[in-house]
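2 protein chains.
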Amino acid sequence: MQDSIQTYMQQVGIQARKASRILVSASTHLKNHALSAIYTALENNQAQILAANQIDMENGRQRQLDSALLDRLELTPARFKGMLQGLKDVIALVDPIGEITDMAYRPSGIQLGKMRVPLGVIGMIYESRPNVTLEAASLALKSGNAIILRGGSEALESNKAIAAAIQHGLQVSGLPEHAVQVIDTPDRAAVGHLITMNEYVDVIVPRGGKSLIERISNEARIPVIKHLDGNCHIFVEAQADLQKALPIALNAKTHRYGVCNAMETLLVDEAIAEEFLPRIAELYAEKQVELRGCPETQRILGESVKTATEEDWYTEYLGPILAVKVVSGMDEAIDHINQYGSHHTDAIITENFSLAREFLARVDSSSVMINASTRFADGFEYGLGAEIGISTDKIHARGPVGLEGLTSQKWIVFGDGQIRQ
Amino acid sequence: MQDSIQTYMQQVGIQARKASRILVSASTHLKNHALSAIYTALENNQAQILAANQIDMENGRQRQLDSALLDRLELTPARFKGMLQGLKDVIALVDPIGEITDMAYRPSGIQLGKMRVPLGVIGMIYESRPNVTLEAASLALKSGNAIILRGGSEALESNKAIAAAIQHGLQVSGLPEHAVQVIDTPDRAAVGHLITMNEYVDVIVPRGGKSLIERISNEARIPVIKHLDGNCHIFVEAQADLQKALPIALNAKTHRYGVCNAMETLLVDEAIAEEFLPRIAELYAEKQVELRGCPETQRILGESVKTATEEDWYTEYLGPILAVKVVSGMDEAIDHINQYGSHHTDAIITENFSLAREFLARVDSSSVMINASTRFADGFEYGLGAEIGISTDKIHARGPVGLEGLTSQKWIVFGDGQIRQ
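Have a look at this one:
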């Protein structure tokens, strides 16, 4: 069985690589034509896809999956409509491939520049949400990449039904059928092969829980675009305008709790803490946000505030809990963020130009903000059109990853006979 | 001993991370001041450094290192001068850090853009050439990164002497002393720790033989900037101008043999082979280049041409040997390059616009050229000022890697109180 899985995955890899060699020079028109054909196929097969999803839901209930998982798994007509709208948005995006930039003559007479090209083959590993199948496939196709999709076993029937519509669209348009492949075995060994066959796969994009992503990036022999968690901070500096600080601190924590760009720790300069903390605490109390504070926070806000432990500074609560720390100034705030943060998104609230500038330079995160809510760190808010993931690494794409993150730039040289002296 | 090496490397890592937090906001003036102080310290200590190198040379002879290795190890006064000139060149480079680009308003009112920042901590692993110690350290400092240097045991005394001068320059300028650290234990376990301590090191740059680089990239738990080999091609297309094709094909093979951007396989369109091959073969014969050809090449050039085996198409000869293949046209040429090549540098010689354009799009290499010698794929020729390595990967830096390859871009957001709706 192990052998046959390996042979199967190898075959999938070879087919993906072959398809990618064709996709690399597919025209924008052809790619959009394929995406439109996929749109039509999905529309026409809505009933079958929702029925397949009901089989997954039924199996899930029998396997006693928890309700949060079942909720993410379910494809309602409204969600199906949203999925189609997402595909329309991708069709409308500008094709990044073929962009030539920076062409300039060198003293030797060659003309040198860069050209944007697809990465090649993307391996996508994800859990439950079947809409990711379409999202990832459409972004891959638009950027000229082949993609191998490995969804969770709980969504197998839904993913296969969506994949069938994608296949139909590829066939109609004449793009290679192996441009999008769905791994349809529940065998977990498939993932092990996918993340190590670097001859056929250029990048791995995992989406799911922290433990899944941690395991994949530890075992992968291929670059991984990932973020493990979003432990975001807001630092309310001594010269903050409280008319900005109060709504931002409220928004960043309470706009949505379960998202990676929500604030998890609030840092407050001691010079402003006595004034700011009681006012923001009142707003949090209305939203029933639990505060966990340092001793100084507790002194100011009283006994209702729990004691923050060392572990709290590291924690992504993803819920109505907030750690609060009073700091002696910029240096302590920045050191705290760089030490305990997850390099996702961090903001300063201040009217002081020089301190804002310093915060920008020294905070080592994929998004650094001045006087804005961390909730803006998002592919749609950044105008990327769609997002295949968020990266907290520094190599390659950083922050929200859209179409451009699925591309690379190669050097190109135009000459008329130049040789090296 | 294993334990103490681990503790030592951990300490090195912690110190490097700490230094990088300071370097991230060091001014261009301060960084250049430190590099100038290093220049002076090297000048003043030339005698000691060359003496230390002589100890390495003597030890090398006693250990019976081969002559090529000893040659690379030796620091002559002329090489020392070249090393100092390289440092001057780095001082003259534009500081890439802090560059802010693409700032634009989003519909929400936030102003979004990107800022160029250091990667953080670089781990450099290299063999024999002691001048790499200075080259790597100066590029790292200029780009605001801390660096951990692990040279070969055969160059330990030379590297320590150069590092002492670097330390002196750092002290004089007030930059943190741990900005540049040299691992001074010959214990090979040090490398194993260096390439896995991803908490303290952001990128690994290995320089050396293919087997060293292969081992490092297999075992690393940190992104690696590398190229394994340079199996470069030139495709002489049917509509090539032979006045360009002949000198380019000669130059790309014979300008220097032991370099990664030399041509190793020549592909010739069958329509032009009868005319082109005898003429280029004559030029190669003058330079005593051995040809290994496909059957068609042998038919045209006669029995003096050896038979190319499957292995020849994969081989980076790094010497006066060239594989030659007659192909039926573009498709076969591109398929050959993408299958057997190493994604380093490949060129087409043609006067046909549409074919040139297609070659550019479809060849999956870090540099793709039209009517120019592959020998131009080089940091200096590309105007990068200096080169820390060449990357044949698609993620992050691709092709010659200069200062910019040691940086990353983060998103920055300016607001005046924006919250997410």
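Chains as they are written, first to last, in full-length UniProt numbering: chain B, 1 to 421; chain E, 1 to 421. All C-beta atoms in this analysis are idealised placements derived from N, C-alpha and C, irrespective of residue type, glycine included.
Open item on the list: List, in chain order, every chain B residue whose beta-carbon is nearer than 9 Å to that of leucine 119(E).
Closed with: Lys394, Ile395
Task: Nearest candidate by alpha-carbon position, reference alanine 323(E), set Gly341(E), Asn131(E), Gly329(E), Gln181(E) - done: Gly341(E)
Task: heavy atom of the ligand HEM below 7 Å from leucine 134(E) C-beta - done: For the ligand HEM, the structure offers nothing, since it holds no ligand at all.
Task: Where proline 278(B) falls, given that 16 or more other Cβ within 10 Å makes a residue buried - done: exposed
- [ ] Could you work out which residue in Val368(B), Lys394(B), Pro223(B) is closest to methionine 124(B) when comparing CA atoms only?
- [x] Pro223(B)
Open item on the list: Counting only beta-carbon separations shorter than 8 Å, does methionine 197(B) have a partner in chain E?
Closed with: no
Task: Residues that methionine 115(E) contacts on chain B, provided the C-beta gap is smaller than 9 Å - done: Leu360, Ala361, Val368
Open item on the list: With H, G and I counted as helix, E and B as strand and the rest as coil, what does DSSP make of valine 327(B)?
Closed with: strand
Task: Reduced DSSP category for asparagine 131(B) - H, G, I as helix; E, B as strand; rest coil - done: helix
Task: Nearest-angstrom Cα separation, counted from methionine 103(E) out to serine 366(B) - done: 16 Å
Task: Distance, proline 118(B) Cα to valine 205(B) Cα - done: 15 Å
Task: Expected contact under 8 Å - CB spacing of threonine 392(E) and histidine 336(E) to nearest Å - done: Wrong, their Cβ atoms sit about 17 Å apart, outside the cutoff.
- [ ] Using a Cβ-Cβ cut-off of 8 Å, state whether tryptophan 411(B) counts as contacting chain E.
- [x] yes
Open item on the list: Rounded to whole angstroms, what is the Cα-Cα separation between asparagine 218(E) and proline 400(E)?
Closed with: 22 Å
- [ ] Kindly indicate the opening and closing residues of the beta strand (DSSP E) around methionine 83(E).
- [x] Methionine 83(E) -> not in any beta strand (DSSP E); alpha helix (DSSP H) instead, spanning 77 to 92.
Open item on the list: When you compare the CB of threonine 202(E) with every CB in chain B, is at least one pair closer than 8 Å?
Closed with: The sequence given here places aspartate at residue 202(E); threonine does not occur at that position. It does: the Cβ of aspartate 202(E) has a partner Cβ on chain B nearer than 8 Å.
Open item on the list: Tell me the residue span of the beta strand (DSSP E) that contains serine 367(B).
Closed with: 367 to 372
- [ ] With a floor of 4 residues, list each alpha helix (DSSP H) that falls wholly inside the segment 195 to 246 of chain E, ordered by position along the chain.
- [x] 210 to 219
TODO: Compare the C-beta of valine 24(B) with all C-beta atoms of chain E and state if any pair is closer than 8 Å.
DONE: yes
TODO: Pick helix, strand or coil for arginine 150(E), following the three-state DSSP scheme.
DONE: strand
- [ ] Could you run through the segment 94 to 111 of chain E and flag, in chain order, every residue whose CB is less than 8 Å away from some CB of chain B?
- [x] Gly98, Arg106, Ser108, Ile110
Task: Any chain E beta carbon closer than 8 Å to alanine 372(B) - done: yes
Task: Proximal residues to leucine 250(B) (C-beta, below 8 Å), its chain only, five neighbours per side dropped - done: Ile280, Leu283, Tyr284, Lys287
Open item on the list: Taking only three categories from DSSP, how would you classify phenylalanine 359(E)?
Closed with: helix
Open item on the list: For the segment 246 to 264 of chain B, list every residue whose C-beta sits within 7 Å of some C-beta in chain E, in sequence order.
Closed with: Pro247, Ile248, Asn251, His255
TODO: Could you check what DSSP says for threonine 7(B) in three-state terms: helix, strand or coil?
DONE: helix
Open item on the list: Within a Cβ cutoff of 7 Å, which residues of the same chain sit near phenylalanine 276(E), ignoring the five residues on either side of it in sequence?
Closed with: Val236, Leu242, Ala245, Val268
Task: serine 36(E), enclosing alpha helix (DSSP H) - first and last residue - done: 28 to 44
Open item on the list: Tell me which residues of the segment 216 to 235 of chain B have at least one Cβ-Cβ distance to chain E shorter than 8 Å, keeping chain order.
Closed with: Asn218, Arg221, Pro223
Task: valine 172(E) versus Tyr39(E), Asn371(E), Ile14(E), Ala140(E), residue with shortest Cα-Cα distance - done: Tyr39(E)
Open item on the list: Need the endpoints of the beta strand (DSSP E) that glycine 389(B) sits in, please.
Closed with: 389 to 391
- [ ] Identify whether lysine 306(E) lies in helix, strand or coil by the three-state DSSP scheme.
- [x] strand
Open item on the list: Here's the rule I'm using: 16 or more other beta-carbon atoms within 10 Å means buried, otherwise exposed. How should phenylalanine 353(E) be labelled?
Closed with: exposed
TODO: Run the CB neighbour count on asparagine 159(B), radius 10 Å, all protein chains shown included, and call it buried at 16 or more, exposed below.
DONE: buried
Task: Pairwise C-alpha distance: isoleucine 195(E) and isoleucine 225(E) - done: 12 Å
Open item on the list: Pull the bridge partners of proline 118(E) from the DSSP assignment, please.
Closed with: Thr407(E)
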